[in-house]
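Colleague: Chains as they are written, first to last, in our numbering: chain A, 22 to 363; chain B, 22 to 363. Heads up, the beta-carbon is just placed ideally off N, CA and C, and yes, glycines get one too. Here it is, the structure, as C-alpha cells.
Number of protein chains: 2
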Amino acid sequence: MASSVSGDRPTLEDVAAYAGVSRSTASRALNEGSYVSRRAREAVLAAARDLGYSPNQAARSLVTRRTGAIALILSEPETKVLTDPYFLTLMREAFRILATGGSQMLVMFVGTRDDIQRTTKFLEGGHVDGALVVAPHAGDPLPTALRLMRVPVVFGGRPGNAGKGMYTVDYDNVAGGRLAATHLLERGRRGIVTVCGSQDHPAAQDRLLGWQKALAEHGISPEGRAESGDFTQAGGEAAMTRLLARHPDLDAVFAASDPMAAGVLQALRFHGRRVPEDVAVVGFDDHPSMTPTLTPPLTSVHQEPGEQVRHMIMILQDLLAGHTPPLRRQLLPVSLTIRAST
Amino acid sequence: MASSVSGDRPTLEDVAAYAGVSRSTASRALNEGSYVSRRAREAVLAAARDLGYSPNQAARSLVTRRTGAIALILSEPETKVLTDPYFLTLMREAFRILATGGSQMLVMFVGTRDDIQRTTKFLEGGHVDGALVVAPHAGDPLPTALRLMRVPVVFGGRPGNAGKGMYTVDYDNVAGGRLAATHLLERGRRGIVTVCGSQDHPAAQDRLLGWQKALAEHGISPEGRAESGDFTQAGGEAAMTRLLARHPDLDAVFAASDPMAAGVLQALRFHGRRVPEDVAVVGFDDHPSMTPTLTPPLTSVHQEPGEQVRHMIMILQDLLAGHTPPLRRQLLPVSLTIRAST
DNA sequence: GACCGATCTGGGAGCGCTCCCAGAAAGTGA
DNA sequence: TCACTTTCTGGGAGCGCTCCCAGATCGGTC
C-alpha cells in the first residue's frame, strides 16, 4: 500500500504527492539537484514545510553510503584527566562546527583494551564517515590500532608513535616552551626553572624541549632545573616546593600547564615569595576560565582548542571529499598572553 | 547482480552463501532469534567471523525503525559551566552504559535559541531513539520545548518548570542541605552560615532550602546567614569574605559546591581562621578529584553522577520498550562523606 | 504407517531513499 | 517548418536488512 496514511511520519512519497510531482523530482528539489524547474522546486519545498517533512536518515545513508556522522574519540587511560577543561572545549567546538555543517557528532571514550577493540570494530562497521581522535598519551596503543582503518582518521596532538601515514594537527609546543623561556629571559631573569608535565606526554616533552633550547642558546644550562608536576595543581605545588629547596635563588618559573601554575603560585605564596617581584611565573594553555582569575593574573602561552578542532575537521572533510591533503602533520602556532605574573 | 564481489564490505547475503544457508536463516542466527538449528547457527557465526562481517546499521534501522542511538543533550547557556567536572563524568558514564548495551551516544550542546530549534528538529527527524537531557538552569526554555516531542526524553536534575508530564532523575538536594546543616549542629556549632549557589539553579535553591529547614528546626533563624558564591571558587572566596565581615563569630560554613568550598577555605586561611578548629566547613558534590586534595580534606555531601545517569538510562530504556514507568520524578539519595574539615 | 504439532528453512515483500535512464517538454537555429 | 540540443520529469531498480508466510523436516503418538 501507499504510505499516504496520516499519523505516521511523512515520507518523500507523501511530499511528492502533496506537491503534485513525482518522488524523483521531489528528491531533486530537496537535494539542490540541478534540472528542476522553479515551479516544481517551490511546490516541493512548500509541501515539505506544510507536512513537516524530515528525511529518513537511514534510508538515505543506505544508498549514499554516508552516515552524516563523525566520531570524536577521546582516549584518556587515566581518569584524572577528567578535570581538564580542554576536553570539554574540544567537544563543544567540534559539535558546533559539525552541527553547522549538518553532521552529527558521536562521542566515544576509550580507556581500556576492550574499548579499543570495540572502537575499531565500530569504525569498521561503517557507522560513521570518519573519526577525530585525541590521544594525548605516549604509550597509547589506540593510534596504531586505527592507522590501518578504512575510515579516514585525523589525530589531534602528537600521538606517541608519531607521523607515518597519519594526519595530525598539533600545537607547536616546542615554540611554546621557547616563547615562555625567551619572555622570562627578556624580563632579565636568569634563575629560571620549570615545572614540566609528565614526560609520557608528547606535548609535555615538546614544551620542555623548547624551554631547554632557549635557555641553552642564552648560555644557561637547563640541567637540574626541571621538576615534573604531572599536570595537576597539587603536583605543581609539590614540584615548586622541591625546586625552591634546590634553587633558593630562583627568580622565574615556567609551568607547562595552567593548573600546575596555580599550584606554583600557591607554593610561592606559602614561602613568602612575591609574584612577579621576586619570582615571575608563566603558564601554558591560557584557558579563559583559569588564567585571569588567579592572583596575580597569569601570563600564559596561549592556544586555541577551537582552532585545532577546526583544522582537524577541515582535513577530515577534505579526506571525505576524496582529496588527499598534502600536509600530513600540521603545526598550529601559539602565542604569549602577558598578564601581571611576569 | 549478487553482491558476492570481494573487496567490498560483505553483506548478510555473502555470509549466508558462505555458510550455505539462506539470508533469512543467517539473519535469525545473528539476531539470536529462535527456530534456528544449532548446525545452521554455528555455520553462520563462523562465516560472519571469517568474512569479518558487520551488519549495515542503516539498512537495519530502515526496517526496525530503531537507530540504536541515544542523544545526550547538555544545555549550558553560560560558557563558564565548562569547568565543571560533573558534565565530563556524566558523559563518560552515559557512554559506558550505553556502549555496553550496544547503543551509540550522540552528544549535543545547546547554548543559543538557534540550538534549541535545531535540536527539536533533529529529535523529530528520528535520528535517535530517545534523549537524555541535562538542563540545570531555571529559566532554560529547552525542557518546555522538548515536552511534547514524540521521542522519549528523560531529564537529569530538576528542570526549572518542573514535573508535569516529564521524567526526571534528581538528587535529593533538600536532604543534602539538611544533612550538611545537621552534621554541623551535631558537631556543636551554632554560628552556621552558608555560601549558596546562584538561585537561578533549582539545585541551589533546594540545597539552601534544606539547610534553612534544619536550622529553623533547631531554633536558629537562617535569616541573613547566606551569601551566593555562584558556583565558582573565586565566588566562594568573595562570599566567605563578606560573611566574615558580617558574622565575625561564625564557626561553621556550608558551601553548596566543592569549588565554592575551596574558595571558602582560601578565605578562611587568609583571615587566619583554622579549619576545623575555628570554623568547620562542609562542601557539596564530593567529586573524587577535588575533595581529598584540599587542605584540609573536605567533608562533603556525596552524590554519584554515574548513578544518576544509570537511572536515567533505565527509565529511557523502559520507555523505549513500550512500558510506562510509574515514577515520574525520581529522587536519588545523597550521603555525607566526613573528612578532616569538620 | 498415518497423523499432528513443533521446529526449522527459504523466498518474497518492503522499509524510504537516491540514482539511472528513457522519454516528454521546451528552447534554438537554419 | 523541422532537426537538434538542452532542460525537465517520472518510473524502475536497488541499497542491505527484517519480517511474514508457506512449505519442508522432524519427532512423537495412536
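Excluding the five sequence neighbours on either side, which residues of its own chain have a C-beta within less than 7 Å of the C-beta of Ala19 (chain B), listed in chain order?
Modeller: Beyond the ends of chain B as shown, which are 22 and 363, falls residue 19 (chain B); an answer cannot be given.
Colleague: Glu97 (chain A): buried (16+ other C-beta within 10 angstroms of its C-beta) or exposed?
Modeller: Your numbering for residue 97 (chain A) matches position 76 in the first sequence. Buried, since its Cβ has 16 or more Cβ neighbours within 10 Å.
Colleague: Quick one: what's His323 (chain B) bridged to in DSSP?
Modeller: Taking the first residue of the second sequence as position 1, residue 323 (chain B) is located at position 302. Answer is B:Asp306 and B:Ser356.
Colleague: Cα separation between Arg86 (chain A) and Phe143 (chain A)?
Modeller: For this step, residue 86 (chain A) is matched to residue 65 along the first sequence. For this step, residue 143 (chain A) is matched to residue 122 along the first sequence. Those two C-alpha atoms are separated by around 16 Å.
Colleague: Any C-beta of chain B sitting closer than 7 Å to the C-beta of Leu127 (chain A)?
Modeller: Position 106 of the first sequence, counted from the start, is the residue given in the question as residue 127 (chain A). Closer than 7 Å: yes.
Colleague: Determine, using beta carbons only, whether Arg87 (chain A) comes closer than 7 Å to chain B.
Modeller: For this step, residue 87 (chain A) is matched to residue 66 along the first sequence. No, Arg87 (chain A) lies away from the interface with chain B (no Cβ there is under 7 Å from its Cβ).
Colleague: Taking 7 Å as the CB-CB limit, is Ala79 (chain A) close to chain B?
Modeller: Along the first sequence, one-based indexing puts residue 79 (chain A) at 58. Yes, Ala79 (chain A) lies at the interface with chain B (some Cβ there is under 7 Å from its Cβ).
Colleague: Which residues mark the beginning and the end of the beta strand (DSSP E) in which Ser96 (chain A) is found?
Modeller: Counting from one through the first sequence, the residue named residue 96 (chain A) turns up at place 75. Per DSSP, Ser96 (chain A) belongs to the beta strand (DSSP E) from Ala90 to Ser96.
Colleague: Could you compute how far the alpha carbon of Ser27 (chain A) sits from the alpha carbon of Glu145 (chain B)?
Modeller: By one-based count along the first sequence, residue 27 (chain A) stands at place 6. By one-based count along the second sequence, residue 145 (chain B) stands at place 124. In this prediction, Ser27 (chain A) scores a pLDDT of 42, lower than 50, which makes its location untrustworthy; the coordinate-derived value is nonetheless stated afterwards. Spanning the two alpha carbons is a distance of roughly 16 Å.
Colleague: Using beta-carbon positions only, say whether Gly304 (chain B) and Ala276 (chain B) come within less than 7 Å of one another.
Modeller: On the second sequence, position 283 is the one that residue 304 (chain B) refers to. On the second sequence, position 255 is the one that residue 276 (chain B) refers to. Closer than 7 Å, so yes.
Colleague: Applying the criterion that 16 or more other CB atoms from any shown protein chain within 10 Å of the CB defines a buried residue, is Thr363 (chain B) buried or exposed?
Modeller: The count along the second sequence starts at 1 and reaches residue 363 (chain B) at position 342. Buried, because 16 or more other Cβ atoms sit within 10 Å of the Cβ of Thr363 (chain B).
Colleague: For Phe275 (chain A), does the three-state DSSP call read helix, strand or coil?
Modeller: Start at 1 with the first residue of the first sequence, and residue 275 (chain A) comes out as number 254. Three-state DSSP puts Phe275 (chain A) in a strand.
Colleague: What residues from the stretch 292-314 of chain A come within 7 Å of chain B, judged by C-beta to C-beta, listed N to C?
Modeller: Those would be Ser310 and Thr314, in chain order.
Colleague: Quick check: the stretch 277-287 of chain A against the stretch 162-171 of chain A, are at least 3 beta-carbon pairs closer than 8 Å?
Modeller: Verdict: no, contact absent.
Colleague: If I measure Cβ to Cβ from Arg200 (chain A) and keep anything under 7 Å in the same chain, skipping five residues before and after, which residues do I get?
Modeller: As a position in the first sequence, residue 200 (chain A) is number 179, starting the count at 1. Per the sequence presented here, residue 200 (chain A) reads as Leu, with Arg not at that position. Result list for Leu200 (chain A): Val322, Val355 and Leu357, in chain order.
Colleague: Run through the stretch 169-195 of chain A for me and flag every whole beta strand (DSSP E) of 3 or more residues, listed as ranges in chain order.
Modeller: Whole beta strand (DSSP E) segments, 3+ residues: 174-177 and 188-192.
Colleague: Per DSSP, Glu248 (chain A) forms a beta bridge with which residues?
Modeller: If you number the first sequence from 1, residue 248 (chain A) lands on position 227. A:Val216.
Colleague: What is the DSSP secondary structure of Ala361 (chain B), counted as helix, strand or coil?
Modeller: Your numbering for residue 361 (chain B) matches position 340 in the second sequence. Three-state DSSP puts Ala361 (chain B) in coil, outside helix and strand.
Colleague: Look at the Cβ atom of Met129 (chain B), then the Cβ atom of Ala79 (chain B), and state whether they are nearer than 7 Å.
Modeller: Sequence index remark: in the second sequence, residue 129 (chain B) carries index 108 (1-based). Sequence index remark: in the second sequence, residue 79 (chain B) carries index 58 (1-based). Cβ atoms of Met129 (chain B) and Ala79 (chain B): not closer than 7 Å.
Colleague: Drop a sphere of 10 angstroms on the beta-carbon of His7 (chain B), count the other beta-carbons inside from all chains shown, and report buried for 16 or more, exposed for fewer.
Modeller: The shown model of chain B, from 22 to 363, leaves out residue 7 (chain B), and the question about it has no answer.
Colleague: To the nearest angstrom, how far is it from the Cα of Ser24 (chain B) to the Cα of Asp35 (chain B)?
Modeller: For the purposes of this step, residue 24 (chain B) is taken as the residue at position 3 of the second sequence. For the purposes of this step, residue 35 (chain B) is taken as the residue at position 14 of the second sequence. Only weak support exists for where Ser24 (chain B) lies, its pLDDT of 36 falling under 50; the value from the coordinates is given anyway. C-alpha separation (whole angstroms): 7 Å.
Colleague: If you count every other CB in all the chains shown that lies within 10 Å of the CB of Arg349 (chain A), and 16 or more means buried, which is it?
Modeller: Along the first sequence, read from residue 1 onward, the residue named residue 349 (chain A) stands at position 328. With fewer than 16 other Cβ atoms within 10 Å, it is exposed.
Colleague: Listing by chain order, which chain B residues have their CB less than 8 Å from the CB of Arg364 (chain A)?
Modeller: Only positions 22 to 363 of chain A appear in this structure, which leaves residue 364 (chain A) out of reach.
Colleague: Please list, in chain order, the chain A residues whose beta carbon lies closer than 7 Å to that of Ser82 (chain B).
Modeller: Residue 82 (chain B) sits at position 61 when you count from the first residue of the second sequence. Near Ser82 (chain B) (Cβ distances below 7 Å), the residues of chain A are Ala79.
Colleague: Starting from Met129 (chain A), trace the beta strand (DSSP E) in both directions and tell me its first and last residue.
Modeller: Walking along the first sequence from the start, residue 129 (chain A) turns up at place 108. Run containing Met129 (chain A): Gln125 to Val131, per the beta strand (DSSP E) assignment.
Colleague: Start and end of the beta strand (DSSP E) containing Ala152 (chain A)?
Modeller: Stepping through the first sequence from its first residue, residue 152 (chain A) is reached at position 131. Element bounds for Ala152 (chain A): Gly151 to Val155.
Colleague: Classify Phe116 (chain A): buried if its beta carbon has 16 or more other beta carbons within 10 angstroms, exposed otherwise.
Modeller: Here residue 116 (chain A) is taken as the residue at index 95 of the first sequence, counted from 1. So Phe116 (chain A) ends up on the buried side.
Colleague: First and last residue of the alpha helix (DSSP H) that includes Ile4 (chain A)?
Modeller: The requested residue 4 (chain A) is not part of the displayed model; chain A covers only 22 to 363.
Colleague: Please name the residue or residues paired with Arg350 (chain A) in a DSSP beta bridge.
Modeller: For this step, residue 350 (chain A) is matched to residue 329 along the first sequence. Beta-bridge pairing links Arg350 (chain A) to A:Thr189.
Colleague: How would you label Asp299 (chain B), buried or exposed, when you count the other beta carbons within 10 angstroms and need 16 or more for buried?
Modeller: Taking the first residue of the second sequence as position 1, residue 299 (chain B) is located at position 278. It counts as exposed.
Colleague: Apply the 10 Å Cβ neighbour rule to Val84 (chain B) and answer buried if 16 or more other Cβ atoms are within range, or exposed otherwise.
Modeller: Residue numbering aside, residue 84 (chain B) sits at position 63 when the second sequence is read from its first letter. Exposed is the call here.
Colleague: Report all residues from its chain with a CB closer than 6 Å to the CB of Ala273 (chain B); omit the five preceding and five following residues, and keep chain order.
Modeller: Stepping through the second sequence from its first residue, residue 273 (chain B) is reached at position 252. Taken in chain order, the residues that qualify are Leu205, Arg210, Ile213 and Ala301.
Colleague: For the alpha helix (DSSP H) containing Glu238 (chain A), list its first residue and its last residue.
Modeller: The count along the first sequence starts at 1 and reaches residue 238 (chain A) at position 217. Note, Glu238 (chain A): alpha helix (DSSP H), Pro223 to Glu238.
Colleague: Please tell me whether Ala202 (chain A) and Leu236 (chain A) are closer than 7 Å, where the distance is taken between their beta carbons.
Modeller: For the purposes of this step, residue 202 (chain A) is identified with residue 181 of the first sequence, where counting begins at 1. For the purposes of this step, residue 236 (chain A) is identified with residue 215 of the first sequence, where counting begins at 1. Their beta carbons are under 7 Å apart, which means Ala202 (chain A) touches Leu236 (chain A) by this criterion.
Colleague: Suppose the cutoff is 7 Å on Cβ atoms and the five residues either side in sequence are ignored; what does the same chain contact list for Ile359 (chain B) look like?
Modeller: What you label residue 359 (chain B) is simply residue 338 of the second sequence in a count that begins at 1. Closer than 7 Å at Cβ, skipping near neighbours: Thr320.
Colleague: With distance defined between alpha-carbon atoms, name the residue in A:Ser278, A:Val330, A:Val296 and A:Val190 nearest to Asp307 (chain A).
Modeller: Indexing the first sequence from 1 puts residue 307 (chain A) at position 286. Cα-wise, what sits closest to Asp307 (chain A) is A:Ser278.
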